[in-house]
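**Student:** Residue numbers (the working numbering): 5 to 255.
Don't be surprised by glycine CBs; every beta carbon is placed ideally from N, CA and C.
Since the model is a prediction, treat every value here as computed from it, not as a measurement.
In structure tokens:
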């Protein structure tokens, strides 16, 4: 059954919800800036035993908040944002259950199996999440790196999902084109993920209501989990409450 997965998105040292496709070196279009720090949300998720959440650092200036969140609920939250072979172990030691990686695995725009193997040797397959966040292209979807601004040649398709599933514990996939817009999920992408879900997959992007949880459950046949950000009441949203998500997970 599809589960709600929590998140903590950090930008410029604050917990925020942004429009994913707008993120660049100058900033981002922002839906919400929290008055609370990352540890507050980590403690909230711990209180409700919300498993499988991810902490994402969107650019520099977030290290202090990342460490606060990981310390507030050790070995329960995944971390992504600038993770590479040299620092992955540090985040695991700081309390991350897994590290999440995208951009490091690409060299000159090409996927690097050598880098994947080196990273896997550092973390172990069981503590590695591959972020296959993507943008829609003429042929389907392609992995987007560098804060979703660089679209690579690597497709998110059955072949890629099958090959990479042997090298990690989970996939995290943001649909960058709809991320933060609260305009509905990318249903075709969710169907594709459900058809190829040999390991746990979390989808994020566009979710706005309890009906979207139901829809992901239906389209993926319960094989894909869903993260909800901007629409959630704890992030200033009006589409769905945390309590509704908790009730859904308890079904």
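#1: Select from 213, 193, 214 and 215 the residue whose C-alpha is nearest the C-alpha of residue 206.
#2: Mind checking whether residue 148 and residue 179 have CB atoms under 7 Å apart?
#3: Looking at the unbroken beta strand (DSSP E) that takes in residue 146, where does it start and where does it end?
#4: Examine the ligand GTP and report whether any of its heavy atoms sits within less than 6 Å of the Cβ of residue 182.
#5: Indicate whether residue 214 and residue 244 have their beta-carbon atoms separated by less than 7 Å.
#6: Looking only at its chain, what residues have a beta carbon closer than 7 Å to the beta carbon of residue 121, apart from the 5 residues adjacent to it on each side?
#7: Would DSSP call residue 101 helix, strand or coil?
#8: What is the rounded straight-line gap between the Cα of residue 174 and the Cα of residue 229?
#9: Do residue 141 and residue 103 have their beta-carbon atoms positioned less than 7 Å apart in this structure?
#10: Is the number of C-beta pairs between the stretch 133-140 and the stretch 63-77 that are closer than 8 Å three or more?
#11: Can you tell me the Cα-Cα spacing of residue 252 and residue 150, whole angstroms?
#12: Would you mind stating whether residue 167 and residue 209 have Cβ atoms separated by less than 7 Å?
#13: Span of the beta strand (DSSP E) holding residue 179?
#14: Between the beta-carbon of residue 74 and the beta-carbon of residue 92, is there less than 7 Å?
#15: Are at least three pairs of beta-carbons, each pair with one atom in the stretch 221-228 and one in the stretch 32-41, less than 8 Å apart?
#16: Could you spell out the range, first to last residue, of the beta strand (DSSP E) harbouring residue 188?
#17: Distance check for residue 47 and residue 146, CA to CA, integer angstroms please.
#18: Taking C-alpha atoms, which residue in 131, 119, 117 and 111 lies nearest to residue 94?
#19: Compute the beta-carbon to beta-carbon distance between residue 59 and residue 14, rounded to the nearest angstrom, for a pair I have assumed lies under 8 Å.
#20: On the DSSP bridge list, what partners appear for residue 44?
#21: On a Cα-Cα basis, can you pick out the residue from 56, 119, 190 and 12 that is closest to residue 71?
#22: Is the beta carbon of residue 211 less than 7 Å from the beta carbon of residue 227?
#23: Going by CA-CA distance only, name the one from 235, 158 and 189 that's closest to residue 113.
#24: Between residue 134 and the rest of its own chain, which residues show a CB-CB distance below 6 Å, the 5 nearest in sequence each way excluded?
#25: Out of 216, 116 and 197, which has the shortest C-alpha to C-alpha gap to residue 165?
**Tutor:** For this structure:
#1: Among 213, 193, 214 and 215, the Cα nearest to that of residue 206 is on 193.
#2: If you check the CB distance, residue 148 and residue 179 do not come in under 7 Å.
#3: Per DSSP, the unbroken beta strand (DSSP E) holding residue 146 starts and ends at 144-149.
#4: This structure simply doesn't include the ligand GTP, nor any ligand for that matter.
#5: With a cutoff of 7 Å on beta-carbon distance, residue 214 and residue 244 are scored as near each other.
#6: Cβ within range, chain order: n/a, list empty.
#7: If DSSP states are grouped into helix, strand and coil, residue 101 belongs with the strands.
#8: Between the alpha carbons of residue 174 and residue 229 lies a distance of about 11 Å.
#9: With a cutoff of 7 Å on beta-carbon distance, residue 103 and residue 141 are scored as not near each other.
#10: These segments do not touch.
#11: In a straight line, the C-alpha of residue 252 is about 34 Å away from that of residue 150.
#12: Contact: no.
#13: That residue, residue 179, is in no beta strand (DSSP E); it is neither H nor E in DSSP.
#14: For residue 74 and residue 92, no; Cβs fall outside 7 Å.
#15: Contact between the stretch 221-228 and the stretch 32-41 is absent, because fewer than three Cβ pairs lie under 8 Å.
#16: Note, residue 188: premise wrong, no beta strand (DSSP E); not H, not E.
#17: C-alpha separation (whole angstroms): 35 Å.
#18: For residue 94, the closest of 131, 119, 117 and 111 by C-alpha to C-alpha distance is 131.
#19: Right, their Cβ atoms sit about 7 Å apart.
#20: Answer is none; residue 44 lacks a bridge partner.
#21: Ranking 56, 119, 190 and 12 by Cα distance to residue 71 puts 12 first.
#22: For the pair residue 211 and residue 227, the CB atoms are not nearer than the 7 Å cut-off.
#23: Nearest of 235, 158 and 189 to residue 113, Cα basis: 158.
#24: Once the five neighbours on either side are set aside, the close Cβ partners of residue 134 are 168, 172 and 175.
#25: Of the candidates 216, 116 and 197, the one whose C-alpha sits nearest the C-alpha of residue 165 is 197.
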